[in-house]
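Have a look at the structure below, then the notes.
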Amino acid sequence: MNEKTIDLSNSFACPLPITEYKNILLAHGGGGKLSHQLIKKMFASQFKNELLEPLHDGATLTVSGTRLAFTTDSYVINPIFFPGGDIGTLAVNGTVNDLSMCGARPLYLSCAFIIEEGLPMDDLWRVVLSMEAATKAAGVQLVTGDTKVVDRGKGDKIFINTSGIGIIPDGVEISPRHAKIGDRIILSGTIADHGIAIMSVREGLEFETQIESDCAPLNELVETMIAANRDIHVLRDPTRGGVASVLNEIAESAAIGVTIVEDLIPVSEEVRGACEILGFDPLYVANEGKLLAFVSPAAAENVLAAMRSHPLGKNAVIIGEVVDDHPGTVIMKTRIGGSRVVDMLSGEQLPRIC
Amino acid sequence: MKYVDEYRNAASAEKLMKEIRHVVTHAWTIMEICGGQTHTIVKSGIDDLLPSDLTLVHGPGCPVCVTPLELIDKAVAIASRSDIIFTSFGDMLRVPGSEKDLLAVKAAGGDVRIVYSPLDAVKLAQQNPEKKIVFFAVGFETTAPANALSVWQAKQLGLKNFSILCSHVLVPPAMEAILSSHANRVQGFLAAGHVCTVMGYEEYIPLASKYRVPIVITGFEPIDILQGILMTVRQLEEGRAEVENQYARVVRREGNRSAQELMQNVFEITDRSWRGIGIIPKSGYRLRDEFAAFDAECIFDVAAIHTQESPLCIAGQVMQGFKKPHDCSAFGIQCTPEHPLGAPMVSSEGACAAYFHYGKIRF
Amino acid sequence: MCLAIPGKVVEVDAAVSPLMGKVSFGGIKKNVCLELVPEVKIGNYVIVHVGFAISMMDEEEAQETLKLIEQMNELGNE
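Protein chains in written order, with my numbering: chain A, 78 to 431; chain B, 4 to 366; chain C, 122 to 199.
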């Protein structure tokens, strides 16, 4: 049987009565329930302030009248090189995307390397070149950084942290809490490509057509969407934990219900096949170049058309809507006409994929 | 995907559903044996769409769920040793033991690895001669041939550092245990399609006849389940009690003879304890004496383990169809996938996990 | 674990023991042990469980099952 109750009367007691694990598990970084609990109960409860509270992809700050978005992310992916990208492209695009999900125009990044002793110089150079190309493609500048090296065996080749700031234009109010009943939920394209591309390397899966990560900067796509119509309430990129986790987080944050339709969710054939074999549900698999948008019903068609006119949104589709039933829960209409709950991810589906 | 997509077709599902509604005139209780079938049912929402006269109860066909607590504790003890690489299918890692699970052993530094095939474990043994590799061989008859072949292969290769911790269970004795219980309310069965792929279905004929229950060998896709239910209900309405094969594209009456031969060479039948249910005679496999060198229970002397189940867990009753997961007072409260009190909440084939993940809104 | 998936045999390596081969699942190829289906040929469909083919797909039966369902409700019964 697992651990017993923890004495909460002791103020030094760890505030995680629910998880009952003595040590950190991989699942605590997985983007699902355990991650969520760790962040809410340990971090957010300690660093209590209203800027942190929304627990969105980035924080929205007002400095001398200008609204800034500020975000940070660390990249610990294994393997560091994969079809469609590498840890460097991820590190740049991931942070650019987090800023875009706040509605901000990304401007400046910082970058900190933690490098394991013994990493081939060539590999490091490849990563650096990728990052440079990614910053150019996204239109951002890397303005400050740090480098540390740790003993062999104490770091998995290379870990990268990037932080970023961007400016939020006036009139743009994007946050998970702004989801409203009736909002249409738009998905920008096929899901699970990134996670499966990673697993294909790890598991030695051979594909007839190689599946590539969808890693891409979404800032231009977001700008196109905002230009089409400002009535966009929520933007999120479904990274670790996949579409399912993000929808659950938003449903919980805004205390609304979400319904989606299985048949409408775009998944490529090869990715579907890989998910079958590996026993994964594509809804829980990571994406690195896709977004979900909650848009007012009146604005939905405009925004959708704008997305489809952009290469990164050409397969954009409305997959569901916000309802006032079952607040906090995501329900999916299944292929055969039944319905099921799309729960938050439990445990770990894929270790260290972003 | 061919031979998958056709069995998820919405139009076909609608036809089968319509036919089921047309045929049902009485209330019937049907049990699907295999946890994989339970998951399909709840995940595609079939149970919600069936006429209310039909009650589906869930069977013990989840090998992870029925692995005895003592064996989990043994696995934890072995995996905690520093000279061991402990390998297992993913699900077993989160099954609660008396004190902890294998995932906790991993987090504390134990070398616990997930493999997708027992042959991967054999390969690890070849690649790591200085370590002892143990594979947690859990499964029904479906998995037994693969595990048998791996042990056979290890013997051929002369490996001295490979062993399995065996927890194989058999379906027909479990069905008989359910049917012979005076509390049984199951009137028809969807038998486990992949188990029968290996074993064939001859051994179900005497069961159907002795207990007067229809047994339909059923596959795992939504269309298979619906067709299996339709065939069972037709039998019930017509007063028949036969063995029928819905999964005919894969299952033959005699099963896979090569697989059966291999299993007989490596395993022998033994009594087994089913977690939550108790000892069912002649309901499992153990390695034959000539393979003792590959039997982790013989090799590793693990001290007497005091097992302790959660007093709240009613897994045994759920797996025999007496209760549903949401009938349990701890369901979703003290018992969730993050801190399970019993195995059915963490196994990918566990009924409690299926209800928790896909169905909790309805209960 | 009863998770088993149908796939198409695209390669057979008779030179090794146990018999191995490659099976394609909707475009993804995996190494699979074919020892339990020794009669298998390239182009056959098999059911694969934990890296082993445990049975061959009877394609005629598969068509029969689907045809049976197709014809349901069509013959005047409500």
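Quick reminder that beta carbons are idealized off the backbone N, C-alpha and C, glycines included.
query	result
From the DSSP output, which residues share a beta bridge with Cys37 of chain B?	B:Gly64
For Glu271 of chain B, which of helix, strand or coil comes out of DSSP?	strand
For chain A, is any of its Cβ atoms less than 9 Å away from the one on Leu187 of chain C?	no
So, does the CB of Pro148 of chain B fall closer than 9 Å to a CB anywhere in chain C?	yes
In three-state terms, what does DSSP make of Pro347 of chain B?	helix
Chain C partners of Ser261 of chain B, CB-CB under 7 Å?	Leu157 and Pro159
Is it buried or exposed for Pro168 of chain C, if we count other Cβ within 10 angstroms and need 16 for buried?	The amino acid occupying residue 168 of chain C in the given sequence is Ile; Pro does not appear at that position. Buried.
For the putative contact between Ala151 of chain B and Phe270 of chain B, defined by C-beta atoms under 8 Å, what is the C-beta separation to the nearest angstrom?	6 Å
Does the distance from the C-beta atom of Val204 of chain A to that of Ile235 of chain A stay below 9 Å?	yes
Does any C-beta atom of chain C lie closer than 9 Å to the C-beta of Gln337 of chain B?	no
So what does Gln218 of chain A bridge to, in DSSP terms?	A:Tyr185
In the region 342-373 of chain A, which residues sit with their C-beta less than 9 Å from some C-beta in chain C, listed in chain order?	Glu346, Glu347, Arg349, Gly350, Ala351, Glu353, Ile354 and Gly356
Run through the region 128-213 of chain B for me and flag every whole beta strand (DSSP E) of 3 or more residues, listed as ranges in chain order.	135-142, 165-172 and 191-195
Thinking just about the alpha-carbon of each residue, which of B:Lys134, B:Leu160 and B:Val118 is nearest to the one in Val141 of chain B?	B:Val118
For chain A, check one thing: does any of its Cβ atoms lie closer than 9 Å to the Cβ of Ile175 of chain C?	no
Can you say whether Cys65 of chain B is buried or exposed, counting buried as having 16 or more other CB atoms within 10 angstroms of its CB?	buried
Once DSSP output is grouped into helix, strand and coil, what is the label at Cys201 of chain C?	Because chain C spans 122 through 199 in this model, residue 201 of chain C falls outside it and cannot be assessed.
Of all the residues that make up the region 260-284 of chain A, which are near chain C by a beta-carbon distance shorter than 7 Å?	Leu282, Glu283 and Phe284
So, for Glu289 of chain A: in the same chain, excluding its five sequence neighbours on each side, which residues have a beta-carbon less than 6 Å away from its beta-carbon?	Pro160, Gly161 and Ala274
If distances are taken between C-alpha atoms only, which option among B:Ser120, B:Tyr250 and B:Val246 comes closest to Glu180 of chain C?	B:Tyr250
For a contact defined as C-beta to C-beta under 8 Å, what are the partners of Asn194 of chain C on chain B?	Lys18, Lys21 and Glu22
Is Arg243 of chain B helix, strand or coil when you go by DSSP?	coil
Does DSSP put Lys225 of chain A in a helix, a strand or coil?	strand
Is there a C-beta anywhere in chain C that falls below 9 Å from the one on Lys158 of chain B?	no
For Glu209 of chain A, count the other beta carbons within 10 Å of its own beta carbon; 16 or more makes it buried, fewer makes it exposed. Which is it?	exposed
So, is the C-beta of Ile430 of chain A closer than 9 Å to a C-beta in chain B?	Any answer about Ile430 of chain A is weak, because its pLDDT of 42 lies below 50 and its placement is not dependable; what the coordinates show is given next. Not one chain B Cβ lies under 9 Å of Ile430 of chain A.
Taking 8 Å as the cut-off, does the region 235-250 of chain B touch the region 258-277 of chain B (at least 3 CB pairs, one atom from each stretch)?	no
Restricting to runs no shorter than 4 residues, where is the alpha helix (DSSP H) found entirely within the region 272-347 of chain A?	296-305 and 319-331
Answer with yes or no whether the minimum CB distance from Lys126 of chain B to chain A is below 9 Å.	no
Any beta-carbon of chain B closer than 9 Å to the one on Val171 of chain C?	yes
Give a yes or no on whether 9 Å exceeds the smallest Cβ distance from Ser177 of chain A to chain B.	no
Would you call the region 345-353 of chain B and the region 125-138 of chain C touching, i.e. three or more CB-CB distances under 8 Å?	no
Is the Cβ of Lys326 of chain B closer than 9 Å to any Cβ of chain C?	no
Could you work out which residue in B:Thr145, B:Lys135, B:Glu341 and B:Ile280 is closest to Pro71 of chain B when comparing CA atoms only?	B:Ile280
Leaving out five residues before and five after Ile192 of chain A in sequence, what residues of the same chain have Cβ atoms less than 6 Å from its Cβ?	Val226 and Ile235
Looking only at DSSP bridge pairs, what is Asn238 of chain A linked to?	A:Ser151 and A:Ala189
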